[in-house]
Structure formats: structure tokens, C-alpha cells
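A.B. asks:
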Amino acid sequence: MVQFMQYFLHVQDSLIEHNSSSNSSCPSSPAKWCFNDIDGHKLCIRSPTLIPTCILALLIGIFCSKNISKLPEKFSTRWLYQLTFFLFGMMMTSAGILHCFLGDPNKLLDPLRNSDTDSFLFLQLLFAIIVAGLTTNVAISFFFCGLCDINFLNPNSRSTSFLLIGSYFTVFVLWTLGILFQWSWIFYVLYLGVILFCCFTYLLTQLAIKSNHSALPALIVGGCYGAIGLCAVTFGEKYICKLEGPFWPQYIGP
607 MVQFMQYFLH VQDSLIEHNS SSNSSCPSSP AKWCFNDIDG HKLCIRSPTL IPTCILALLI
667 GIFCSKNISK LPEKFSTRWL YQLTFFLFGM MMTSAGILHC FLGDPNKLLD PLRNSDTDSF
727 LFLQLLFAII VAGLTTNVAI SFFFCGLCDI NFLNPNSRST SFLLIGSYFT VFVLWTLGIL
787 FQWSWIFYVL YLGVILFCCF TYLLTQLAIK SNHSALPALI VGGCYGAIGL CAVTFGEKYI
847 CKLEGPFWPQ YIGP
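In the numbering used here, each residue's number is its place in the sequence shown (first place is 1) plus 606.
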């Protein structure tokens, strides 16, 4: 999440020619691992510490999705939870490809400004939209899971499926238009506002149906942890960068 926020804001600031204030203790670019192949070309992996995290997230998504599919049919939201964790794994895989292997976000500016673009630049832009869209849609999926758990929505109804698919489609369209037309508000609405609202609502639904179970402490801790992380990324990134020194800001600082 932090890496994409930096990525999107970097592109956005460059496009609208805003010079955001930078902290002198923060590196101007992420860490790289570079290798020379047999032809003498250099291959660089940006933010290499993201790779284990993305692999772990992919394994979690696949493992949870597979095991949820084995639940009994009386668990009516089975397909929705299965889809949610699958999308989570795909989102983190796409994020790893985007941030680690597709290069500098500055290169994304060319396809937004010029009509003559090559396939690599188009691929960068495509993955940026995929990562953003999937991140928001994973939160929306959990939102639907929660509403189905409390019987506000019927997971077996076609209207629920159409509403979910329509939400996915709308999010991808808005992200595409927001990036292409440089809507400065799109990140704060779709990436912060929607995610915060959907995840908080899901937490409330789970607290409502599991208030007498042993899962209550884990839900509260998980909800607080997520809220603290989101607030730290949104409002405290410069302080975190200054506090951490020259190494960790390469990965989680502004």
C-alpha cells in the first residue's frame, strides 16, 4: 500500500507540476539490486524487500481461497470470500511486478503525454491501473462479505452478484480516468476513503456476529493495526521517514 501511494503521488505530482516538499533524511529513489547479464545489459530490481512480502501475500491468497472452497455449502458466502482472497493474491502479485520490475514511475509520464508510446510504457500504465483497481476492489469485496454475513445482502442472489461486478467495473473505470486525466482527488477517494470505509464496516459486521466468541480480541487488534497503518501512511510518512534514518525510508518512508 505504501509503495503504491508513493508511486501514484509521484506520477500525479509530476503531471500537474507540483513540487512536494521532501525531507533531507529520505532517499530520493528506492533501493535497487542491479545485475549485468551476459550481453552486458543491466537488470535492476527496485525495492527488493517487497518481493518476499508479495510472494507471502500470493501464498496467503491462494491457500485461503483454496481452503475456503472446501467449506460446506451451508456457508453461503463461501464463493465471495474465495473470490476476495484470490483477488488479494493477484493484487499483491501485480504490485510486486509493478514496483520491482517495471521501472521508474517517471517513465509513466510519457504515455500520458504522448500518443506514440511503446509496449513497455503501456505495460507500466496498465499495471498501475490494475494494482489500484484491485486494491480498492479487495476492500469492496470484504464490504460485501460483511453485509452478506449479517444478512443485509443475499450472497446467492443475482442482484448481489451484479452489484458486486458493477462496483468492480466502476472502480476500474474511475481509476483509469483518474490517472489519464490527472484527477488529483481520485487517490484520496478510492485509495483511502473507500478502503477505510469498507474495511471499517467489515470489522463492525464481524464484531456484531462474533461478539461472544474467542475471535473478538483478534478482530479488535487487527482493526486497530490496520487503522494505525493507514493513518501512519497518510498523515505521518514524513515523521516516519525522519525517525527511521537512511535505510528503512527506502521501503516505507515518503
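Every residue, glycine too, gets a C-beta built ideally from N, C-alpha and C.
1. Going by DSSP, which residues form a beta bridge with C650?
2. Quick check on this structure: which residue in L708, P823, T690 has the alpha carbon closest to the alpha carbon of F748?
3. Which residue from N743, L798, L810, I756 puts its Cα closest to that of V779?
4. As a quick exercise: from C804, S820, L825, V800, pick the residue whose alpha carbon is nearest that of Q812.
5. Let me know if F692 comes out buried or exposed under the rule of 16 or more other beta-carbons within 10 Å of its beta-carbon.
6. Can you say whether V827 is buried or exposed, counting buried as having 16 or more other CB atoms within 10 angstroms of its CB?
7. Considering only their Cβ atoms, is the gap separating V777 from G835 smaller than 9 Å?
8. Decide if V737 is buried, meaning its Cβ has at least 16 other Cβ atoms within 10 Å, or exposed.
9. Could you tell me which of G702, R764, C751, I703 sits nearest to F681, measuring between CA atoms?
10. Does DSSP put I756 in a helix, in a strand, or in coil?
11. Is the CB-CB distance between L704 and F733 below 9 Å?
12. I'd like to check one pair, G695 with I668: are the Cβ atoms closer than 9 Å?
13. Put W781 into one of helix, strand or coil per three-state DSSP.
14. State the CB to CB distance for the pair G603 and C805, rounded to an integer number of angstroms; the pair is presumed to be in contact (CB under 8 Å).
15. Nearest to L809 by CA position, among I746, F726, P678, T659, is which residue?
16. Helix, strand or coil for S765? Go by DSSP, reduced to three states.
17. Hey, does F728 have any beta-carbon neighbour from chain D nearer than 9 Å?
18. Identify which residue in K676, N757, W685, S653 has its Cα closest to the Cα of S767.
19. Considering only the alpha carbon of each residue, which of C640, K638, P678, T683 lies closest to D755?
20. Look up W789 in the DSSP assignment and say whether it is helix, strand or coil.
21. Looking only at its own chain, which residues have a Cβ that is under 6 Å from the Cβ of I792, when we skip the five neighbours before and after it?
22. Which residue comes first and which comes last in the alpha helix (DSSP H) that contains G695?
23. Can you tell which of F758, F707, S700 has the C-alpha that lies nearest to the C-alpha of F641?
C.D. replies: Reading it off the structure:
1. Paired residue(s): C640.
2. Distance check between F748 and each of L708, P823, T690 places T690 closest, using alpha-carbon atoms only.
3. With distances taken between Cα atoms, V779 lies closest to N743.
4. Comparing C-alpha distances from Q812 to each of C804, S820, L825, V800 shows the shortest one belongs to L825.
5. Counting every other CB atom within 10 Å of its CB across the protein chains shown gives F692 a total of 16 or more, marking it as buried.
6. So V827 counts as exposed.
7. Not a contact, by the Cβ cut-off of 9 Å.
8. Buried is the call here.
9. F681 has its Cα closest to that of C751, out of G702, R764, C751, I703.
10. In the displayed model, I756 falls within coil according to three-state DSSP, outside both helix and strand.
11. Contact: yes.
12. In this structure, G695 lies closer than 9 Å to I668 by Cβ.
13. W781 falls in the helix class under three-state DSSP.
14. The question about residue 603 has no answer, for the chain in this structure spans 607 to 860.
15. Proximity to L809 across I746, F726, P678, T659 peaks at I746, based on C-alpha coordinates.
16. Of the three classes helix, strand and coil, the one that applies to S765 here is helix, per DSSP.
17. No chain D appears in the structure shown, which is made up of a single protein chain.
18. When each option's Cα is compared against that of S767, the closest is W685.
19. The residue with the shortest Cα to Cα distance from D755 is T683.
20. W789 falls in the coil class under three-state DSSP.
21. Once the five neighbours on either side are set aside, the close Cβ partners of I792 are G784.
22. Element bounds for G695: 684-707.
23. F641 has its Cα closest to that of F707, out of F758, F707, S700.
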